[in-house]
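Here's the structure, in structure tokens; my notes come after.
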Amino acid sequence: MKIGILGGGIGGLSAAIALKQKGFDIDVYERHSRPSEIGAGIVCWPNACFVLEELGILDKIAAVSGALTYMNRFSSSGDPIGSLDINALNQLMKYPSYSIIRKDLMHILTQRLLELNTNIHYQHNVDSLSNNNGKVSVQFSNGKNIEPDIIIGADGRMNSLARKYVNNDNTPIYQGFINWIGIFDCESDIFNDLCVADYWGVGERFGIVPISKRKAYWAGGVVSKNIGDINPDGFKSELNELFSRWPEFITKIINETPLSRINKIYVHDHDPIDNWHKDNVILLGDAAHSPLPTSGQGACQALEDAWHIANCLNEDIDDIPKAFKKFTAKRMSKTSGITLGGRQLASSIFNQDVAFCQQRNLASKNTDYDMAIVGMAKGWSSGLPIC
Ligand SMILES: Cc1cc2nc3c(=O)[nH]c(=O)nc-3n(C[C@H](O)[C@H](O)[C@H](O)COP(=O)(O)OP(=O)(O)OC[C@H]3O[C@@H](n4cnc5c(N)ncnc54)[C@H](O)[C@@H]3O)c2cc1C
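For the sequence shown, our numbering gives the first residue as 8, with consecutive numbering after it.
Written out as structure tokens, the structure reads:
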């Protein structure tokens with residue numbers, strides 16, 4: 008039973024590890040010449056940490072991560088408007104919440120796969136998938152073709168050729184806002200409590216996630232009707248124009264982050280679809296469901312997919328259509344809910360109506376965060392043996 012995984016991102020690598028641990032014969036095909044590092048950082052919430060433990064790498068992740076304690080919300084003038092106790096969430100879900108630089112997560116996943124003697128074929132850009140007499144083959148731009156028994160499409164959200172094969176359409180939907188993301192280092196201890204800080208303005212947002220006392224990743228977001236250019240020369244002036252009247256700490260972070268560590272992203276997602284497989288091709292991660300960053304769950308859900316696909320195929324290896332159906336049934340409603348929840352939060356955070364934003368901040372201030380944590384724990388644990 009040969010399995011070919013298209014895309015060596017968080018979903019593809021973690022699925023490869025989970026399947027290899029069950030004894031499957033795996034090859035991963037990645038278009039880039041080395042592990043992809045797009046994005047600044049990730050929060051591995053407790054549901055993701057459960058999977059990372061199952062993959063045998065939670066201790067390695069812990070060694071380079073921040074153990075987050077609180078998520079504090081502020082208005083754009085710095086007034087506190089709510090605080091979520093991450094330790095309490097962790098206790099309910101029985102796993103930690105770790106913030107990690109994406110490059111470090113990718114490195115640990117890649118090392119684990121190498122330990123398991125799995126091939127990652129870099130510089131293999133998928134050109135197309137086609138069905139010749141019942142067997143699906145994958146054509147790469149370098150001229151190679153493969154015809155594995157199972158093809159897992161983990162080729163991301165922006166132009167997944169596996170999604171195109173399964174769903175006929177793979178066009179992502181621009182959600183009307185930009186994120187500048189960056190990684191900030193400093194020489195003194197300033198993030199002593201490892202608290203996430205989330206500032207909400209009117210059509211604007213700035214979030215800071217510490218990794219250690221001296222390192223954090225951040226995201227500055229703003230509504231933008233149209234997709235414009237991405238010119239690094241303009242990043243700092245664009246950010247300063249937006250955030251110079253926000254708390255001074257934000258300006259410091261923007262100005263002290265090297266330009267080489269800032270990226271600008273026009274943020275897209277996909278509508279949920281009700282089918283993730285066709286013939287012997289199954290989708291996972293962003294190729295199947297790609298929630299907005301406001302969900303905080305994109306990578307976490309890709310990790311959950313990895314754990315579930317390995318279990319489903321292991322249980323029903325003689326009946327692949329049944330295994331695919333089981334996987335889809337287990338994953339569809341949770342991931343659709345997260346996608347829609349991400350959109351709902353984005354429409355509130357990036358709302359441009361001043362009165363709405365005042366009410367929103369008041370509602371945040373009056374939220375019962377103990378209750379909110381119970382709801383989060385229930386939703387994020389669903390389908391996993393953790394609560
Ligand atoms: C700005 C931003 C911030 C985010 N922050 C968070 C966060 O804090 N927490 C969180 O959980 N999630 C976050 N996410 C979401 C998260 O990054 C994704 O959900 C996650 O990376 C999905 O993993 P994946 O493997 O499915 O896709 P990806 O990680 O995108 O990997 C897809 C891989 O496929 C490869 N590929 C693509 N096309 C081809 C091709 N034709 N041939 C071969 N290979 C191909 C790519 O090079 C890439 O390596 C964020 C996303 C964005 C945009």
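Beta carbons: idealized from backbone N, C-alpha and C, even for Gly. Nothing here was measured: the structure is a model prediction, and the numbers come from that model.
(message) Contact defined as beta carbons within less than 8 Å: I believe residue 291 pairs with residue 22. What is the distance between those atoms, to the nearest angstrom?
(response) 6 Å
(request) Please state if the CB of residue 83 and the CB of residue 211 are separated by a distance shorter than 9 Å. (result) yes
(message) Quick test of the definition: if touching needs 3 or more C-beta pairs under 8 Å, does the region 191-211 touch the region 74-93?
(response) yes
(request) Work out the CA separation of residue 321 and residue 302 for me, nearest whole Å. (result) 30 Å
(message) I'd like the list of long-range same chain contacts for residue 110, defined as Cβ closer than 7 Å, with 5 residues on each side in sequence excluded.
(response) 44
(request) Assign residue 25 to one of three DSSP states: helix, strand, or coil. (result) helix
(request) Would you decide whether residue 252 is buried or exposed? Buried here means 16 or more other CB atoms lie within 10 Å of its CB. (result) exposed
(message) Short of 6 Å in beta carbon distance, which residues of its chain neighbour residue 156, apart from the five on each side in sequence? Order them along the chain.
(response) 8 and 9
(message) According to DSSP, simplified to helix, strand and coil, what is residue 154?
(response) coil
(message) Less than 9 Å between the C-beta atoms of residue 209 and residue 358, yes or no?
(response) yes
(request) Could you tell me which uninterrupted beta strand (DSSP E) segments, each at least 3 residues in length, are contained entirely in the region 278-330, listed from first to last along the chain? (result) 288-290
(request) Give a single yes or no on whether residue 268 has its beta carbon closer than 8 Å to a heavy atom of ligand 1. (result) no
(request) Using DSSP bridges, identify the partner residues of residue 225. (result) 189 and 215
(request) Starting from residue 78, follow the beta strand (DSSP E) in both directions and report where the run begins and ends. (result) 77-82
(request) Would you mind sorting residue 271 into buried or exposed? The rule is 16 or more other CB atoms within 10 Å of its CB. (result) buried
(request) Determine the contact status of residue 276 and residue 338, defining contact as a CB-CB distance below 9 Å. (result) no
(request) Would you kindly report the start and end of the unbroken alpha helix (DSSP H) that includes residue 114? (result) 109-122
(message) Looking only at its chain, what residues have a beta carbon closer than 6 Å to the beta carbon of residue 293, apart from the 5 residues adjacent to it on each side?
(response) 163 and 164
(message) Looking only at its chain, what residues have a beta carbon closer than 7 Å to the beta carbon of residue 172, apart from the 5 residues adjacent to it on each side?
(response) 136, 285 and 288
(request) Tell me whether residue 193 counts as near ligand 1, meaning its Cβ is closer than 8 Å to at least one heavy atom of that ligand. (result) no
(request) Rounded to whole angstroms, what's the CA-CA distance from residue 86 to residue 217? Just pull it up for me. (result) 20 Å
(message) Does the region 175-191 come into contact with the region 309-316, if we say contact requires no fewer than three beta-carbon pairs (one atom in each stretch) closer than 8 Å?
(response) no
(message) If contact is defined by three or more beta carbon pairs under 8 Å, each pair taking one atom from either stretch, is the region 122-133 in contact with the region 144-156?
(response) yes
(request) Using only the heavy atoms of ligand 1, determine whether one of them is closer than 8 Å to the beta carbon of residue 43. (result) yes
(request) Rounded to whole angstroms, what's the CA-CA distance from residue 234 to residue 274? Just pull it up for me. (result) 9 Å
(request) Pick out whichever of 215, 280 and 300 has its Cα sitting closest to the Cα of residue 259. (result) 215
(request) Taking only the alpha-carbon atoms, compute the straight-line gap between residue 188 and residue 153 and give it to the nearest angstrom. (result) 36 Å
(message) Starting from residue 388, trace the alpha helix (DSSP H) in both directions and tell me its first and last residue.
(response) 376-388
(message) Any heavy atom of ligand 1 closer than 8 Å to the beta-carbon of residue 63?
(response) no
(request) Ignore the nearest five residues each way along the sequence and tell me which others in residue 295's own chain have a CB closer than 6 Å to its CB. (result) 283
(request) My understanding is that residue 57 touches residue 102, with C-beta atoms under 8 Å, so please give their C-beta distance in whole angstroms. (result) 5 Å
(request) Sort 257, 263 and 64 by Cα distance to residue 118 and report the nearest one. (result) 64
(request) Let me know if residue 365 comes out buried or exposed under the rule of 16 or more other beta-carbons within 10 Å of its beta-carbon. (result) exposed
(message) Bridge partners for residue 33 per DSSP, in chain order?
(response) 10
(request) Please go through the same chain and pick out, in chain order, the residues whose beta-carbon is closer than 7 Å to the beta-carbon of residue 74, but skip the five residues on each side of it. (result) 103, 105 and 201
(message) Could you pull the DSSP bridge partners for residue 161 from this structure?
(response) Note: residue 161 sits in no beta bridge, so no partner.
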